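Chains as they are written, first to last, in our numbering: chain A, 629 to 1071; chain B, 117 to 610.
Where is the CB? At the ideal position from N, CA and C, for every residue including glycine.
All values derive from a computational prediction rather than experimental measurement.
Worksheet: the structure to be examined is printed underneath.
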């Protein structure tokens, strides 16, 4: 039975209820810019934000689904479905969504993460209705056929091959993820792997679509030169009669131990420089520890004047490449550093230098000037997240799905109120002897 | 009363079921609301009310402009020096680019590292870029640090320190970048195209090489800086929540001692047109699927042909719905992509088409691109296509102004080429009246169907498929002409 037919009985019910939806409307006062939140009767969350700088509107629809929702043997299905969302629905032909947006002069794209899939477009503000019509059609009635699934699988397998050819360190970084995140749902790659993609059937895709691509599992965000009342009328018209999907059972999330450590070495025939990955498991990103940890990330590795850049790249010239960040995967977080060096000696020196900088931060309180610099850089990057209508729409959608709250001012204040004492305390608590190290040797 | 019309209970059930199934069967056509069948029409085109550019000139002739905007608490400062790569001496290509990149690498008081630290302390982002006609410093920072930002900028401009260690470091960085690009067919083919199109023209400087960079000396940099970095040859633009009077007062405070001086200018001249089809092959190791770059000269930016040319570019290769993409990728299946591009400078423009293709179909792909170009030079483009292209351009224009970074890029062009506020306010009015005949008239003025064609790919994979061409100029990946191969003739070695 096709997805379209499955939706018919629900459709009848909701046809009667159309126009009766009485959304909860709330104006969030804790935001850095005006935001209005509604909920349709079918569970679709709607966020509106006016911005009259230029006559454009950005529309993002984000579904709470990603690689974390995939079952073993079916990895890559979330990303595969993201691609299939451009291959036609009941009233929109294959690739027509893209053609429609281009003809308007608009831009569009999509992205799949561990636990979200976002579709976004930026168009002239007079084109809001056609964009909502397009998004509603593929939410309501995506056409999934065997030939489309086959074609998408072939394209995805080719993409994986291209990624591997392009990035000689891809395999080692995936191996490091398997060490750091022991459970499948966190460590398998978003783009899947060749063997599991081959196993995905059209039935699997249809089931995944009908389970997660539902109004009650999505947030629709409209930002730009809009009339809020008129925009809500359009939203109700195009989305209000789409039937609510089945309740999605809450995920069985896993935790990891903060008191494990591992050191491994791999030989990489593709690599041209030796390097290593270093990782520290951290507490949940939903905890209050996350705020000082984020400041620590800036002190240690963000920006050209961060401690590790200053020492490894500029002063001692022992690393040729240095990248690191706090990685969030739903309820888990880890601090990850990747370093490339010229030879084994500088690799050893780089490792030593990193541990020495970590120890310094544990034993000596950071100066007010350095702390201010870290906070200003964080504030700049935080601000960039809402520096255009599209950035705002993505920011709002992601934050809403992540925390179900829109009080950004409060969140920003939490980062900006971190103290030197908190940093020392957190460093001593989470940057101890329990770390994960993967050395990469060239062959 | 018994009645003929009485329906037996069994039949009743059957009829009910039949009715149910009839209705059920017809549900798909009824279940879908009518509005879902076709897209709704858009609303009328909104008014393009764009922020005003307000300007003043300081006593040292430094021009200060402000675009006042409420929004994120960030100010973007752009210092433009109206000397670009075309101003590098003919024997020192790359000098303009090198000089701009030296600016944050040390002042009399601060080292490169200290400057980076000061930039990041105010939540700053600093970058430089050098174009054909101008050089740019882009500096954005948290709005409360305007004084600190201007003070730092003034130190770079008033007390630069082109020390030898940093010159060596920058040479190393540029050499790494060029090495990284040594197998990048996009970069290499563009560099060769510029080199060929701009023979004996100052714009050829943009095609600088590692050897050009390595010969630059401290004296060259200081001289270029002294001759070109003058307030009467510069413009500062600030975008953010500040007024022109605040900006003027503060810029003047930090930069009023910047001394003006006559700057020798190169008058714009249109390079000689390439009037003969020239096929070039460049051997780029490890490139299995070659890039084809087809290009020729077009109108300069500040010229009435700009708008019809923009429409032409859109019809041919602006997006995946344009002619080239639809033909080479969707219809023939030759290419991974095929897009056209219009780059406009003060003296001229370059209209180019870039395609990535399978090696087996190189010859056919080049022919297909040339045929598409020939078509627009032989007959006017149908009106519906012109209207579709215009609709895209009108819709797309405000999108590029929706972020402070892209807004700054637009402003840079307006400032560099004195396009004035009208350039964006009248954009719709300039595009709307363009018709098929107008585009056709402009197309015929330029020898677009006699372009330079660069094919960049690995020789081993590609060269066999090039044998149908009558004449091929064969280059190495450094852009050096190795020989010319003519069909059924002996090679002419260089």
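ask   = Between residue 99 of chain B and residue 215 of chain B, what straight-line distance do the alpha-carbon atoms span, to the nearest angstrom?
value = Residue 99 of chain B lies beyond the residue range present for chain B, which begins at 117 and ends at 610; the question has no answer from this structure.
query = So what does residue 738 of chain A bridge to, in DSSP terms?
reply = A/747
ask   = Would DSSP call residue 805 of chain A helix, strand or coil?
value = helix
Cβ-Cβ distance between residue 847 of chain A and residue 1029 of chain A below 7 Å = yes
query = Tell me the DSSP bridge mates of residue 691 of chain A?
reply = A/745, A/846
query = Relative to the C-alpha of residue 717 of chain A, which residue among A/906, A/932, A/837, A/990 is closest?
reply = A/837
ask   = Do the region 461 to 468 of chain B and the region 492 to 502 of chain B touch if we need at least three Cβ pairs shorter than 8 Å?
value = no
query = Given that residue 542 of chain B touches chain A, what residues does it touch there, using C-beta distances under 7 Å?
reply = Here the premise fails: no neighbours, minimum Cβ distance about 16 Å.
query = Going by alpha carbons, who is nearest to residue 850 of chain A out of A/821, A/940, A/794, A/751?
reply = A/751
query = What did DSSP end up calling residue 238 of chain B once you bin it into helix, strand or coil?
reply = coil
inquiry  = Quick check on this structure: which residue in A/925, A/881, A/753, A/895 has the alpha carbon closest to the alpha carbon of residue 1071 of chain A?
reply    = A/895
task = Within the region 856 to 940 of chain A, note down every full beta strand (DSSP E) run reaching 3 residues or more, in order along the chain.
result = 890 to 896, 903 to 910
key: For residue 686 of chain A, the three-state DSSP class (helix, strand or coil)   = strand
ask   = Among residues of its own chain, excluding the 5 on either side of residue 200 of chain B, which ones have a beta-carbon nearer than 8 Å to its beta-carbon?
value = 212, 246, 247, 248, 249, 250, 251
key: CB contact check: residue 670 of chain A to chain B, cutoff 7 Å   = no
query = residue 733 of chain A CB to nearest chain B CB: under 7 Å?
reply = yes
ask   = Under the rule that 16 or more other beta-carbon atoms within 10 Å means buried, what is residue 421 of chain B, buried or exposed?
value = buried
query = Just the Cα atoms here: how many angstroms apart are residue 1069 of chain A and residue 855 of chain A?
reply = 58 Å
task = May I have the straight-line CA-CA distance separating residue 666 of chain A from residue 1039 of chain A, to the nearest angstrom?
result = 22 Å
query = For residue 805 of chain A, is the classification buried or exposed, using 16 other Cβ atoms within 10 angstroms of its Cβ as the cut-off for buried?
reply = buried
query = What residues in the region 737 to 767 of chain A have a beta carbon less than 8 Å from any beta carbon of chain B?
reply = 750, 751, 752, 753, 754, 755, 756, 757, 758, 761, 762, 764, 765
inquiry  = For a quick check, are the C-beta atoms of residue 1064 of chain A and residue 807 of chain A less than 7 Å apart?
reply    = yes
Neighbour list for residue 229 of chain B in chain A, Cβ cutoff strictly below 8 Å = 933, 938, 942
ask   = Would you call the CB atoms of residue 259 of chain B and residue 238 of chain B closer than 7 Å?
value = no
request  = May I have the straight-line CA-CA distance separating residue 615 of chain B from residue 680 of chain A, to the nearest angstrom?
outcome  = Only positions 117 to 610 of chain B appear in the structure, and residue 615 of chain B is not among them; the question remains open.
inquiry  = Let me check one thing: in DSSP terms, what residues is residue 612 of chain B bridge-paired to?
reply    = Shown here, chain B extends from 117 to 610; a query on residue 612 of chain B therefore has no answer.
inquiry  = Quick check for students: name the residue ranges of the alpha helix (DSSP H) that lie wholly in the region 257 to 338 of chain B, counting only runs of 4 or more.
reply    = 262 to 274, 280 to 296, 301 to 313, 326 to 330
query = residue 1016 of chain A touches chain B at which residues, Cβ-Cβ below 7 Å?
reply = 518, 519
query = Hey, is residue 499 of chain B's beta-carbon within less than 7 Å of any beta-carbon in chain A?
reply = no
message = Beta carbons nearer than 8 Å to chain A: which residues of the region 400 to 413 of chain B have them?
response = none
inquiry  = Quick check: the Cα distance between residue 577 of chain B and residue 397 of chain B, rounded to an integer number of angstroms?
reply    = 13 Å
Where residue 361 of chain B falls, given that 16 or more other Cβ within 10 Å makes a residue buried = exposed
ask   = Roughly how many whole angstroms lie between the Cα atoms of residue 1005 of chain A and residue 240 of chain B?
value = 7 Å
ask   = Quick one: is residue 702 of chain A buried, meaning 16 or more other Cβ sit within 10 Å of its Cβ, or exposed?
value = buried
request  = Indicate whether the contact test is met: 3 or more Cβ pairs, each with one atom in the region 933 to 943 of chain A and one in the region 768 to 787 of chain A, closer than 8 Å.
outcome  = no
request  = Measuring only between beta-carbons, confirm whether residue 791 of chain A sits less than 7 Å from chain B.
outcome  = no
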